[in-house]
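I have placed the structure first, in the form of structure tokens, so that the comments after it can refer back to it.
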Amino acid sequence: MDHATRRYCRCGTRLARDNTGGLCGPCQRTAQDRILGAPVVPEAFWDTDQLRDAFDAWHMGHVIAAYRAHPYHGIPLSQETVAGWMDLTQAQLSRIEAGPPPTDLARLMRWAACLRIPDQLLWFRMPGPHRTAQWPTALTDTRQLPATTRVPEPTAVQQPPHGHAVRDLHWPEDVIAALRGESWSEPSTFPVGDRPVAVPPTELAHDDFVGLFHAWATTVRRRQFLLSVGRAATTVAAMPLLATADVVEPDRLLGALGTPSRVDAVIIGHIEEVLRRALRQDDALGPRAAIQTVLDQRRLARHLLEGCPSDLRPRLLSVYAGLCRVSGWFIFDLGHFEAAVPHFEEARTAAHEARNTELGALILGNLAQTAIWQGHPRVAVDYASAAVAWAWRTPDRALQANTGDMAARACAAAGEYDACMAELDRAAGALALRDDRPSLSYWYDEAFLASIRGQCLLHVQRPAEALAIIGPSVATLDPVLSVRNLAMTMVDLGSAHIQHGEIEEAARALGQASELAVRNRSVRLAIHLRDTRQQLEPWTDTPAVRELDETMAVLRVVQGEAL
Numbered sequence: 004m005d006h007a008t009r010r011y012c013r014c015g016t017r018l019a020r021d022n023t024g025g026l027c028g029p030c031q032r033t034a035q036d037r038i039l040g041a042p043v044v045p046e047a048f049w050d051t052d053q054l055r056d057a058f059d060a061w062h063m064g065h066v067i068a069a070y071r072a073h074p075y076h077g078i079p080l081s082q083e084t085v086a087g088w089m090d091l092t093q094a095q096l097s098r099i100e101a102g103p104p105p106t107d108l109a110r111l112m113r114w115a116a117c118l119r120i121p122d123q124l125l126w127f128r129m130p131g132p133h134r135t136a137q138w139p140t141a142l143t144d145t146r147q148l149p150a151t152t153r154v155p156e157p158t159a160v161q162q163p164p165h166g167h168a169v170r171d172l173h174w175p176e177d178v179i180a181a182l183r184g185e186s187w188s189e190p191s192t193f194p195v196g197d198r199p200v201a202v203p204p205t206e207l208a209h210d211d212f213v214g215l216f217h218a219w220a221t222t223v224r225r226r227q228f229l230l231s232v233g234r235a236a237t238t239v240a241a242m243p244l245l246a247t248a249d250v251v252e253p254d255r256l257l258g259a260l261g262t263p264s265r266v267d268a269v270i271i272g273h274i275e276e277v278l279r280r281a282l283r284q285d286d287a288l289g290p291r292a293a294i295q296t297v298l299d300q301r302r303l304a305r306h307l308l309e310g311c312p313s314d315l316r317p318r319l320l321s322v323y324a325g326l327c328r329v330s331g332w333f334i335f336d337l338g339h340f341e342a343a344v345p346h347f348e349e350a351r352t353a354a355h356e357a358r359n360t361e362l363g364a365l366i367l368g369n370l371a372q373t374a375i376w377q378g379h380p381r382v383a384v385d386y387a388s389a390a391v392a393w394a395w396r397t398p399d400r401a402l403q404a405n406t407g408d409m410a411a412r413a414c415a416a417a418g419e420y421d422a423c424m425a426e427l428d429r430a431a432g433a434l435a436l437r438d439d440r441p442s443l444s445y446w447y448d449e450a451f452l453a454s455i456r457g458q459c460l461l462h463v464q465r466p467a468e469a470l471a472i473i474g475p476s477v478a479t480l481d482p483v484l485s486v487r488n489l490a491m492t493m494v495d496l497g498s499a500h501i502q503h504g505e506i507e508e509a510a511r512a513l514g515q516a517s518e519l520a521v522r523n524r525s526v527r528l529a530i531h532l533r534d535t536r537q538q539l540e541p542w543t544d545t546p547a548v549r550e551l552d553e554t555m556a557v558l559r560v561v562q563g564e565a566l
């Protein structure tokens, strides 16, 4: 090959013939590092005049600016790159760097962890061991435990159903025995406040994990079992989502990271699959199980959009909008209603740019639901009305029903009974025409719509009618589709019993909801449980309510979540 036609990387390395990008392998990995998270730097990195001055001034904006300009990086990092690590916009980071010293402790801790700043340099205390940012799930499909923590693996003959999942969670022996259907003896004491050691699992497929929960219904020591399972479930955020998924070849993904114009349908499909699995995890276990994965994939999609080929851009934009929506949903379900709104708005903008009408309608429904929980019912009516209008431009009947019920909930919260019933009837009509085509509202069915009708009747103070509807819907709701939906409806059932003066039945329903809340760590669910339990204050000394309080105390489904 003639010297004039040879191609070189910016570092001086000669590029291979089949390398159509502009970077060699090491530089591609460096670019990947810069795009997706702060690199690991040597200790001497932090010993510069600019960084010392910034730390002495207690100004995180100046720390970030000095970090970006550090000679270690070779080329100064852009505000856009570092903002992507922190899930900020470039404009937001610019204001942080140029403005007064930030004082919000939660943000300071998050930014310090993101940049991997050593604890001893900070002017505030980090909670527990310093947790640094982790690689996105798109690049790390499995996580190996140190050899000292590994448990000997049984032979193929000895391996029980879900054996890998049980072993890798490191649950107490009595819980493992219950999961496997084996006999076990209750320990002489069960120390209150004791927690199983949280050891990250090595290889745990989502389907196996969810399958474990079917066993607890027949255990003798139900409360102890649920408590142990609940604590283990909260560690599931460390497990790989892709244990059973097709993994994109590293060279293909690295090539797209270094040169976004190389993104293709395989990479986009991979991100779509990760998002689908994240939603399944949330349905079963709550938002903590998948939120970091979704945020990582969102950063990846945002970067790939910079050079995405025009024919693939609408699809990738839709994926990005979906990731923004789901990150907003997770934040909303964790009880941070105001913080969720910017995520939904960014999702709505991207969905409309992609001309994805279905997704735009669903996002407007999320905004309506958020406004209801914020106590702004008429704002919720605005969002829901727009969601209904867009949904009826699509052939998605389940989505039409979903947006219709959201409009009904908003009207009920605003005290508009007639408008609420009209929206519910329209939703029922749409659902009756549903066919087999896939829907963004995949969980939606007649039982769910019935539960929403009962919820609306509770809001408009019609407990007898609500009770007649919610009771049958609880029996038909599918916990496989959503544990949270079933638990929320069970709490509504308890509220209906309270309004109807049936205290024992109310306490029983709330106790069952508490058991479900161990499985799905939704903060909204915990808030709903707490608020409904407060309605029972006049009957605190009755045996039924005392037993409920004991159950909720043992399962700890409220204290750490909603108080």
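Residue numbers (this note's numbering): 4 to 566.
Glycine included, C-beta positions come from ideal geometry on N, C-alpha and C.
Tell me whether N405 counts as near the ligand GTP, meaning its Cβ is closer than 7 Å to at least one heavy atom of that ligand. Among the components of this structure there are no ligands whatsoever, and the ligand GTP is therefore not found.
Beta-carbon proximity list for V381, same chain, < 6 Å, skipping 5 on both sides: Note on identity: in this sequence residue 381 is Arg, with Val being the wrong assignment. Contacts found: A417.
What are the start and end residues of each continuous alpha helix (DSSP H) run of 4 or more residues lying completely inside the stretch 506-554, in chain order? 506-522 and 526-537
Determine the closest residue to P104 out of W126, W61, R119 and A115, with distance taken between C-alpha atoms. W61
Is A86 helix, strand or coil when you go by DSSP? helix
Please go through the stretch 321-379 and give each complete beta strand (DSSP E) segment of 3 or more residues, from N-terminal end onward. none
When you compare only the Cα positions, how much space is there between E468 and L496? 11 Å
Boundaries (first-last residue) of the alpha helix (DSSP H) holding F58: D52 to D59
By the three-class DSSP mapping on this structure, what secondary structure does E276 have? helix
Exposure of W332, with buried meaning 16 or more beta-carbon neighbours within 10 Å: buried
Check for me: the alpha helix (DSSP H) holding H462 runs from which residue to which? E449 to H462
Nearest-angstrom beta carbon gap, V43 and R119 [assumed within contact, 8 Å]: 7 Å
Best match in A259, I334, S517 and H306 for proximity to D612 [C-alpha to C-alpha]: Nothing about residue 612 can be read from this structure; the chain reaches only from 4 to 566.
Between the C-alpha atoms of P74 and S81, what's the straight-line distance to the nearest angstrom? 13 Å
In three-state terms, what does DSSP make of F127? coil
Given a cut-off of 8 Å on the beta-carbon distance, is the pair S498 and L461 in contact? yes
Quick one, are the C-beta atoms of V592 and C423 less than 8 Å apart? Only positions 4 to 566 of the chain appear in the structure, and residue 592 is not among them; the question remains open.
For my contact list, A389 and L362 are in at a C-beta cut-off of 8 Å; report their separation, rounded to the angstrom. About 14 Å; that fails the 8 Å criterion.
Assuming L387 contacts A410 (C-beta within less than 8 Å), just tell me the rounded distance between them. In the sequence as presented, Leu is not what sits at residue 387; that position holds Ala. Yes, they are in contact, since the Cβ atoms of A387 and A410 sit about 4 Å apart, within 8 Å.
In whole angstroms, what separates the C-alpha of T479 from that of A431? 17 Å
Residue of M63, D56, H76 and A556 minimising C-alpha distance to P45: H76
Euclidean distance between Cα positions of M555 and S485: 21 Å
With contact counted as at least three CB pairs below 8 Å, one residue from each stretch, are the stretch 439-458 and the stretch 394-407 in contact? yes
For the alpha helix (DSSP H) that contains T296, what are its first and last residues? I294 to L307
Three-state secondary structure (DSSP) at S498? helix
Within 8 Å, do at least three Cβ pairs link the stretch 298-308 to the stretch 530-548? no
Out of W393, L260, G40 and A287, which one is the CA nearest neighbour of P482? A287
Could you check what DSSP says for T397 in three-state terms: helix, strand or coil? coil
Nearest to R524 (by Cα), restricted to the options L337, I78, M129 and T545: L337
With DSSP collapsed to three states, give me the class of V391. helix
With burial defined as no fewer than 16 other Cβ atoms inside 10 Å of the residue's Cβ, what is the status of I78: buried or exposed? exposed
If you draw a straight line from the C-alpha of P164 to the C-alpha of R283, how long is it? In this prediction, P164 has a pLDDT of 40, which is less than 50 and means its spatial position is unreliable; what the coordinates show is noted afterwards. Going from the Cα of P164 to the Cα of R283 covers about 21 Å.
Distance between L365 and M89 (C-alpha atoms, nearest Å): 26 Å
Per DSSP, what kind of secondary structure is P105 in: helix, strand or coil? coil
Closer than 7 Å by C-beta to E275: which residues in its own chain qualify, once you throw out the five before and the five after it? Chain order, please. V322
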